[in-house]
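**Student:** Every letter in the sequence shown is one number past the one before it in the working numbering, and letter 523, counting from 1, is 670.
Glycine residues also receive a C-beta, built at the ideal position from the N, C-alpha and C atoms.
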Amino acid sequence: MKMALAIDAFSERELFETKLKESEARYRLLADHSSDMIAVLDVEGRYLYVSPASFSLFGQIQEELLGRLATDFAHPDDVALFPASIRETQAEPGVRTITFRRLRKDGQYSWVESKIQGVRDADNNVIQIILTARDISERRQAEEDRRVAAIAFETQEGLIISAADGTILRVNQAFSKITGYSAAEAVGRKTNLLKSGRHDPVFYAAMWEAIARTGTWHGEVWNRRKNGDVYPEWLTITAVKGPAGEVTHYVGAFADITQRKATEDAIEHLAFYDPLTRLPNRRLLQDRLQQALATSVRTKREGALLFIDLDNFKTINDTLGHDQGDLLLQQVALRLIACVREADTVARLGGDEFVVMLEDLSENRNDAAAQAKVVGEKILAALHNPYKLGSSECESSSSIGVTLFGDHHQNMDEILKQADLAMYRSKAGGRNAMYFFNPEMQLAIAARATLEADLRKAVRDGEFILHYQPQVDNSGLLTGAEALLRWQHSERGVMFPDRFISLAEETGLIVPLGRRVLETACGQLAAWARRQEIAHLTLAINVSAGQFRQADFVEQILATLDSTGADPRKLTLELTESMLLDDIEDAIAKMSAIKTVGVSFSLDDFGTGYSSLTYLKNLPLSQLKMDRSLVSNAPSDPNAAAIAKTIVFLAQSLGLAVIAEGVETEVQREFLESIGCRGYQGYLFGRPLPLEVFEDSLSQKSSSRSTGFK
Ligand code: C2E
Ligand code: CA
Ligand code: CA
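In structure tokens:
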């Protein structure tokens with residue numbers, strides 16, 4: 148019985164073990180052929196068994212893994228998942244799933260989904276762990292792609308997915324925001340829901356043709372929002388094709404470019420228009436002139452360019468302030484527009500320079516010139532009317548230069564230059580005037596260019612000397628001299644200032660040149676001071692606008708007096724009214740500073756300008772220099788005589804001396820003496836002479852003083 152029992156017991160155990168082996172073999176078979184890796188771990192997580200899938204999945208053979216910790220192969224960030232799930236497995240039966248990155252033989256990681264289950268003994272203790280691992284990299288990638296795609300679909304850009312027939316299948320939020328149609332309103336409708344009607348059928352035909360040919364199209368399209376607004380969008384349409392190449396869907400992506408277009412327009416406006424007057428600027432004028440030239444060649448009709456410059460803008464700007472100056476420019480712009488036809492162009496080049504371009508004038512040059520003249524005169528008159536600037540009122544005038552263009556003319560820069568040149572001619576001719584360009588002016592430009600180069604060289608090489616013209620009092624005694632500049636040109640001989648002073652002004656060469664004059668004159672004064680018989684002589688020098696405007700003009704004078712040792716009381720600076728008027732405050736400040744050391748000022752060419760008595764009182768002057776034209780006319784011309792008398796009277800009442808220049812005849816001298824003018828300069832007493840000749844004549848004169856300086 149016992150035996151039988153034993154046999155029974157044995158056979159039962161044997162049976163159990165056989166069954167176990169069978170099942171183990173079955174599982175082993177399953178495990179060996181599973182595409183997932185199946186592993187048995189001990190409770191510490193070490194591999195006890197690994198199925199062959201470890202090789203196909205991770206490139207690792209079983210021997211490499213046995214005895215190693217499963218966590219050794221987990222991504223550092225995922226290691227922590229293991230102890231947690233093993234703890235749970237021990238605490239409670241059941242299957243746990245974890246997803247982690249597992250290291251492969253090649254050093255890369257695969258996304259793996261593992262199921263973890265405990266194997267328990269009779270006392271329900273976990274003695275082993277079964278772990279399966281499935282590679283889910285592809286699945287995860289697909290999921291990620293979907294997620295990204297879903298996010299991407301909700302971008303700033305509006306998106307439409309439509310069927311091949313144009314039925315809207317899906318739209319994103321940006322679509323609704325831009326178009327005003329909710330997804331529910333749009334889906335099921337056709338894409339032409341958004342059509343603005345701004346494009347013709349040809350436009351759409353070309354678009355669909357491009358999509359059919361290349362699979363895509365992009366460009367600017369005007370569409371209509373739900374509220375009826377038409378707006379510009381930047382649209383890209385892409386065809387989605389099925390396996391056989393047939394179009395299954397279209398994807399449209401678009402951005403609302405209303406803002407961008409507005410900015411572009413603003414930028415364009417900035418680039419081509421003057422912000423102050425809203426007139427076309429130089430660039431746009433050049434474009435239009437180019438076009439006008441082309442048109443003119445075709446139609447044979449002439450065009451005209453009028454270069455307009457305000458005469459006293461700087462003064463207005465300085466006295467009334469820049470705000471008022473701006474107002475003036477705006478009013479000038481309006482008046483100019485009112486003077487021309489709609490098709491003509493009014494442009495502002497900058498500052499107070501404007502250009503009017505007239506097109507489509509007569510085919511005949513003379514007639515065209517006459518037409519341009521009419522417009523020019525209209526402009527002169529219009530700009531001469533008083534201006535009301537806020538609370539103040541002011542007057543202005545303009546100088547206009549005109550040139551014709553047409554068939555005979557191809558170069559646009561040349562046209563502008565010609566008009567500019569003619570404008571300068573108007574300025575020189577007394578302002579508030581209009582001049583036409585002519586070929587002689589052209590020659591003058593070329594000559595000027597040569598002269599400028601020569602002048603530059605002459606200043607560098609010191610080709611200048613001073614001549615001295617005597618100044619006498621009413622008893623004929625020599626009181627001093629005016630220093631007058633001469634250029635000893637190597638080829639052209641002696642050149643007089645009227646040939647080069649204005650050029651020196653324009654080129655800035657007047658600054659070094661003027662300094663040289665100042666130094667020479669002061670040096671001369673110092674030299675005379677050492678000779679008793681002529682130590683009393685004064686010397687007058689001419690100062691030009693460009694020199695006077697220098698910020699360091701005062702310092703320059705003081706430093707030169709200092710370095711030469713000249714007596715400031717013997718030096719006179721001759722200024723003209725026009726240069727003072729530019730900035731009267733500054734002029735007074737500079738003159739006052741120089742006057743404190745004893746230097747005198749004389750107002751040159753007096754009686755010809757627009758002398759204003761109010762400012763004359765404020766200027767720290769010592770002398771008025773009566774202009775030559777008055778001197779030569781006064782004896783016979785009652786008008787000039789009256790002015791001459793007034794000048795003397797004025798000088799007396801202001802406590803100023805008067806000297807008359809250009810006195811050539813005894814009649815003139817007597818007249819001047821009769822009206823009370825006590826100082827003279829002119830050929831009657833002596834021409835401007837080189838230093839040696841001047842000094843020689845002095846010694847002769849000093850020996851025959853009684854006869855006066857004649
Ligand atoms: P301005 O200051 O009015 O000088 C007087 C001009 O009249 C001188 O001409 C002189 O030679 C001339 N003149 C003198 N007496 C008579 C006369 O009886 N009859 C006639 N018909 N003319 C007479 P110039 O030397 O040719 O100088 C012309 C102008 O050039 C000067 O006019 C002055 O404005 C300017 N200038 C001369 N030297 C200088 C200088 O060193 N610096 C500057 N900035 N300008 C100068
Ligand atoms: Ca002078
Ligand atoms: Ca003069």
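1. Spell out a yes or no on whether the region 350 to 357 and the region 311 to 322 are touching, meaning 3 or more CB-CB pairs, one atom from each, closer than 8 Å.
2. Does ligand 2 have even one heavy atom less than 6 Å from the beta-carbon of E873?
3. Ligand 1 and I648: does the residue's C-beta get closer than 6 Å to at least one heavy atom of that ligand?
4. What do you reckon, is the C-beta of E652 under 6 Å from a heavy atom of ligand 1?
5. Flag P617 as yes when its Cβ comes closer than 6 Å to any non-hydrogen atom of ligand 1, and as no otherwise.
6. So for C486, helix, strand or coil by DSSP?
7. Cβ atoms of F501 and L483: under 7 Å apart, would you say?
8. Using only CA atoms, which one of A682, S691 and N621 lies nearest to A108?
9. Say whether chain D places a C-beta atom closer than 7 Å to the C-beta of H180.
10. I need the boundaries of the alpha helix (DSSP H) containing Q571, first residue and last residue.
11. Under three-state DSSP, which class holds K857?
12. Buried or exposed: which applies to K772, given that a residue is buried once 16 or more other Cβ atoms fall within 10 Å of its Cβ?
13. Sorted by chain position, which residues of the same chain lie with C-beta nearer than 7 Å to F700's C-beta, five sequence neighbours on each side aside?
14. What I want to know is whether the C-beta of F571 ends up closer than 6 Å to one or more non-hydrogen atoms of ligand 1.
15. Distance check for I612 and S643, CA to CA, integer angstroms please.
16. For I681, which residues in the same chain have their Cβ closer than 7 Å to its Cβ, ignoring the five residues on either side in sequence?
17. In the DSSP assignment, what residue or residues form a beta bridge with A280?
18. Taking all protein chains shown into account, decide if Q847 is buried (16 or more other Cβ within 10 angstroms of its Cβ) or exposed.
19. Give me the residue from D733, T761, A781 and D709 with the minimum Cα distance to V746.
20. Taking the straight line between their C-alpha atoms, what separation do you get for V377 and I404?
21. Flag this pair as yes or no: are the beta carbons of L563 and S545 separated by less than 7 Å?
22. Three-state secondary structure (DSSP) at E415?
23. Distance, Cα to Cα, R281 vs A299?
24. Between which two residues does the alpha helix (DSSP H) containing G335 stretch?
25. Return yes when the C-beta of N621 is under 6 Å from any heavy atom of ligand 2, and no when it is not.
26. Measuring CB atoms only, is the region 465 to 473 touching the region 504 to 514, in the sense that at least three cross pairs come out at less than 8 Å?
27. Would you say the beta carbon of N689 comes nearer than 6 Å to a heavy atom of ligand 1?
28. If you count every other CB in all the chains shown that lies within 10 Å of the CB of E801, and 16 or more means buried, which is it?
29. Please list, in chain order, all residues of the same chain as Q579 whose beta carbon is under 6 Å from its beta carbon, the five residues on each side excluded.
30. Quick check on DSSP: helix, strand or coil for K166?
31. Return the residue from the list L598, A217 and S343 that minimises the CA-CA distance to D189.
**Tutor:** The relevant details are as follows:
1. Judged by Cβ distances under 8 Å, the region 350 to 357 makes no contact with the region 311 to 322, as fewer than three pairs qualify.
2. The question about residue 873 has no answer here: the residues shown for the chain are numbered 148 through 857.
3. Counting from 1 along the sequence shown, the entry for residue 648 is found at position 501. True, at least one ligand heavy atom lies under 6 Å from that Cβ.
4. Translated into positions along the sequence shown, residue 652 becomes position 505. No, Cβ of E652 sits at least 6 Å from all heavy atoms of ligand 1.
5. Numbered from 1 along the sequence shown, position 470 holds the residue referred to as residue 617. Outside the cutoff, so no.
6. In the sequence shown, counting from the first residue as 1, residue 486 sits at position 339. Collapsing the DSSP output to three states places C486 in a helix.
7. Taking the sequence shown and counting its residues from 1, the one referred to as residue 483 is at position 336. Taking the sequence shown and counting its residues from 1, the one referred to as residue 501 is at position 354. Cβ atoms of L483 and F501: closer than 7 Å.
8. What the structure shows of the chain is the stretch from 148 to 857, and residue 108 is not part of that stretch, so it cannot be assessed.
9. Looking for chain D here will not work: only one protein chain is present.
10. Position 424 of the sequence shown, counting from 1, holds the residue named residue 571. It is Tyr, not Gln, that sits at residue 571 in the sequence shown. Note, Y571: alpha helix (DSSP H), M559 to A575.
11. Counting from one through the sequence shown, the residue named residue 857 turns up at place 710. Summary for K857: the model assigns pLDDT 43, below 50, so the residue's position carries little reliability; its value from the coordinates is reported in the next sentence. It is coil, neither helix nor strand.
12. As a position in the sequence shown, residue 772 is number 625, starting the count at 1. Its Cβ being crowded by 16 or more others within 10 Å, K772 is buried.
13. To locate residue 700, count along the sequence shown from 1; it is residue 553. So the qualifying residues of the chain are Q694 and K737.
14. One-based indexing of the sequence shown puts residue 571 at position 424. Correcting the residue type first, residue 571 is Tyr in the shown sequence and not Phe. Incorrect: Y571 has no Cβ contact closer than 6 Å to ligand 1.
15. Here residue 643 corresponds to residue number 496 of the sequence shown, with the count starting at 1. Here residue 612 corresponds to residue number 465 of the sequence shown, with the count starting at 1. The question names Ser, but residue 643 is Phe in the sequence shown. Distance between the alpha carbons of F643 and I612: 11 Å.
16. As a position in the sequence shown, residue 681 is number 534, starting the count at 1. The answer, listed in chain order, is W675 and L845.
17. Within the sequence shown, residue 280 is the residue found at index 133, counting from 1. Note: A280 is bridge-paired with M184 and S261 in the DSSP secondary-structure output.
18. The residue labelled residue 847 in the question sits at position 700 within the sequence shown. Around the Cβ of Q847, a 10 Å sphere holds fewer than 16 other Cβ atoms; the residue is exposed.
19. On the sequence shown, residue 746 is found 599 positions in, with the first residue counted as 1. Of the candidates D733, T761, A781 and D709, D709 places its Cα closest to the Cα of V746.
20. Residue numbering aside, residue 377 sits at position 230 when the sequence shown is read from its first letter. Residue numbering aside, residue 404 sits at position 257 when the sequence shown is read from its first letter. Straight through space, the alpha carbons of I404 and V377 are spaced by roughly 12 Å.
21. Against the sequence shown, residue 563 aligns to sequence position 416. Against the sequence shown, residue 545 aligns to sequence position 398. No.
22. Translated into positions along the sequence shown, residue 415 becomes position 268. Correct three-state label for E415: helix.
23. As a working mapping, residue 281 is identified with position 134 in the sequence shown. As a working mapping, residue 299 is identified with position 152 in the sequence shown. Computed Cα separation, rounded: 30 Å.
24. For this step, residue 335 is matched to residue 188 along the sequence shown. From DSSP, G335 is part of no alpha helix (DSSP H); its letter is neither H nor E.
25. Reading the sequence shown from its first residue, position 474 is the one you call residue 621. N621 Cβ: outside cutoff for every heavy atom of ligand 2.
26. In this structure the region 465 to 473 does not touch the region 504 to 514; the number of beta carbon pairs closer than 8 Å is below three.
27. Within the sequence shown, residue 689 is the residue found at index 542, counting from 1. For N689, the distance from the CB to the nearest heavy atom of ligand 1 is below 6 Å.
28. Position 654 of the sequence shown, counted from the first residue, corresponds to residue 801. According to the sequence shown, residue 801 is Leu rather than Glu. That one is exposed.
29. Position 432 of the sequence shown, counted from the start, is the residue given in the question as residue 579. Note on identity: in this sequence residue 579 is Asn, with Gln being the wrong assignment. Excluding residues up to 5 positions away in sequence, S544 lie with their Cβ nearer than 6 Å to the Cβ of N579 in the same chain.
30. Walking along the sequence shown from the start, residue 166 turns up at place 19. Reduced to three states, the DSSP call for K166 is helix.
31. Here residue 189 is taken as the residue at index 42 of the sequence shown, counted from 1. Considering only alpha carbons, the answer is A217.
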